[in-house]
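In this note's numbering, the protein residues as written are 123 to 412.
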C-alpha cells in the first residue's frame with residue numbers, strides 16, 4: 123500500500139517546457155484526494171520549485187536543495203541541514219584553487235561570481251533532462267529560471283560570512299572537463315564530511331551528509347507516522363539515488379540513464395510523456411485492490 127509519493131522535478135515531474143502537465147497535475151490531485159501524501163524532492167531552491175508548482179496550483183511539502191531544507195505545505199521551514207561554516211570555508215578555498223566554477227545555495231538565495239556560467243549550468247541541467255530540446259529555447263528557459271531563483275552576484279564569497287544567520291545549503295560545481303569533475307568529487311568524498319551527487323552531465327551537487335533526498339524523505343515520512351516501505355519515489359538522475367534506493371516502490375523515468383533504471387523496481391514513460399501521472403495512477407489502482 124502506497125501512502126506517500128515523492129517526485130523529483132527536472133526530468134521527472136516537469137516536461138520539456140518546464141511545466142507540470144495537466145495529466146501529472148490531475149494524478150497528483152487524485153492521490154491527495156485518496157489520502158496519499160505527495161512530496162516534491164528537488165535539487166532546486168524553494169523559489170525555483172514553487173515557481174513551477176504555483177503555476178500548476180499544486181500545494182504540498184517540498185524537499186529542496188537535495189534535502190538541505192524542507193518546507194511545509196504552507197511554506198514554513200520544517201527542517202534544515204546546512205553545511206558547517208568552517209567546512210564551507212575550506213571547500214571554497216579548495217574549489218578556487220582548482221580554478222573551477224561554482225555557486226553557493228543559501229537561505230538568502232544563490233550566490234555566483236559569474237552570471238554567464240550560472241546561466242550555462244542551468245542550461246546543462248535542462249538539456250540533460252530534455253536532450254532533444256532546441257538549445258535556443260533552453261537558453262530562454264534558463265534565463266527565466268534565473269529571474270525567479272533569487273540568484274545574486276558577488277565579487278568575493280568571503281563576504282558571505284559577514285551575513286548574520288546565513289545558512290549554507292549546497293555547492294553547485296560546474297565544468298565540461300569531466301576528468302576534473304571526477305577528481306574534485308573524489309577529493310571531497312575523501313576529505314570532507316559532505317555528500318556529492320549530480321543532476322546533470324557537467325555538474326556536482328555538494329551538500330551536508332544529511333542533506334540527501336532519501337534521508338530527508340525518510341525523516342519526513344517517519345515524522346508523519348509512516349515508513350519508506352509505504353513510499354513511492356520517482357526520479358531520473360543521480361541526485362535521486364538516495365531516495366530511490368530506500369523506498370518500497372522506486373520508479374525510474376523513461377528518460378533516466380541506464381544506471382538509474384537498473385536500481386529501480388519500475389520504469390515509467392518519459393517526463394514528456396506524463397510518466398509521473400502513469401506511475402501514480404498505477405500505484406493508486408494497486409492500492410484499491412488491497
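Note that beta-carbon positions come from the ideal geometry of N, C-alpha and C, so glycine has one too.
Beta-carbon contacts of residue i that lie in its chain and below 6 Å, excluding the five residues immediately before and after
{"i": "residue 210", "result": "290"}
{"i": "residue 357", "result": "130, 134, 366"}
{"i": "residue 149", "result": "399, 402, 403"}
{"i": "residue 168", "result": "186, 193"}
{"i": "residue 184", "result": "162, 171, 193"}
{"i": "residue 388", "result": "373"}
{"i": "residue 145", "result": "396, 399"}
{"i": "residue 251", "result": "132, 133"}
Inter-residue spacing [alpha-carbon to alpha-carbon] between residue i and residue j
{"i": "residue 367", "j": "residue 332", "result": "16 Å"}
{"i": "residue 165", "j": "residue 353", "result": "19 Å"}
{"i": "residue 237", "j": "residue 194", "result": "31 Å"}
{"i": "residue 319", "j": "residue 140", "result": "22 Å"}
{"i": "residue 383", "j": "residue 371", "result": "13 Å"}
{"i": "residue 299", "j": "residue 156", "result": "47 Å"}
{"i": "residue 204", "j": "residue 213", "result": "14 Å"}
{"i": "residue 257", "j": "residue 249", "result": "8 Å"}
{"i": "residue 351", "j": "residue 132", "result": "25 Å"}
{"i": "residue 286", "j": "residue 230", "result": "10 Å"}
{"i": "residue 158", "j": "residue 330", "result": "29 Å"}
{"i": "residue 152", "j": "residue 173", "result": "22 Å"}
{"i": "residue 277", "j": "residue 221", "result": "15 Å"}
{"i": "residue 219", "j": "residue 304", "result": "16 Å"}
{"i": "residue 302", "j": "residue 142", "result": "35 Å"}
{"i": "residue 316", "j": "residue 232", "result": "19 Å"}
{"i": "residue 380", "j": "residue 253", "result": "15 Å"}
{"i": "residue 191", "j": "residue 386", "result": "25 Å"}
{"i": "residue 275", "j": "residue 208", "result": "22 Å"}
{"i": "residue 216", "j": "residue 343", "result": "36 Å"}
{"i": "residue 345", "j": "residue 369", "result": "16 Å"}
{"i": "residue 281", "j": "residue 154", "result": "44 Å"}
Close-in-space but distant-in-sequence residues of the same chain around residue i (CB under 7 Å, 5 per side omitted)
{"i": "residue 239", "result": "223, 296"}
{"i": "residue 170", "result": "267, 270, 271"}
{"i": "residue 182", "result": "160, 161, 162, 195"}
{"i": "residue 397", "result": "375, 376, 390, 391"}
{"i": "residue 243", "result": "294, 296, 325"}
{"i": "residue 136", "result": "142, 174, 393"}
Beta-carbon spacing of residue i, residue j below 8 Å
{"i": "residue 188", "j": "residue 335", "result": "yes"}
{"i": "residue 390", "j": "residue 373", "result": "yes"}
{"i": "residue 328", "j": "residue 293", "result": "yes"}
{"i": "residue 306", "j": "residue 326", "result": "yes"}
{"i": "residue 492", "j": "residue 322", "result": "Here the chain covers residues 123 to 412 and nothing more, so residue 492 does not appear."}
{"i": "residue 255", "j": "residue 138", "result": "yes"}
{"i": "residue 405", "j": "residue 124", "result": "yes"}
{"i": "residue 126", "j": "residue 348", "result": "yes"}
{"i": "residue 273", "j": "residue 228", "result": "no"}
{"i": "residue 279", "j": "residue 226", "result": "yes"}
{"i": "residue 359", "j": "residue 378", "result": "yes"}
{"i": "residue 128", "j": "residue 339", "result": "yes"}
Contacts around residue i, its chain only, beta-carbon distance under 8 Å, and the 5 residues preceding and following it disregarded
{"i": "residue 241", "result": "261, 264, 265, 268"}
(request) Run through the region 286–310 for me and flag every whole beta strand (DSSP E) of 3 or more residues, listed as ranges in chain order. (result) 290–296
(request) At 3 residues or longer, and completely inside the region 316–389: list those beta strand (DSSP E) runs for me, N to C. (result) 316–319, 325–330, 353–357, 371–374
(request) Check whether the region 198–206 touches the region 256–263, taking contact to mean three or more Cβ pairs, one atom from each stretch, closer than 8 Å. (result) no
(request) Would you be able to state if there are at least three C-beta pairs under 8 Å between the region 311–321 and the region 170–183? (result) no
(request) Answer yes if the region 265–273 comes into contact with the region 394–410, meaning at least three C-beta pairs across the two stretches below 8 Å, and no otherwise. (result) no
(request) Tell me the start and end of each unbroken beta strand (DSSP E) in the region 212–250 that is at least 3 residues and wholly inside, in chain order. (result) 223–228, 231–234
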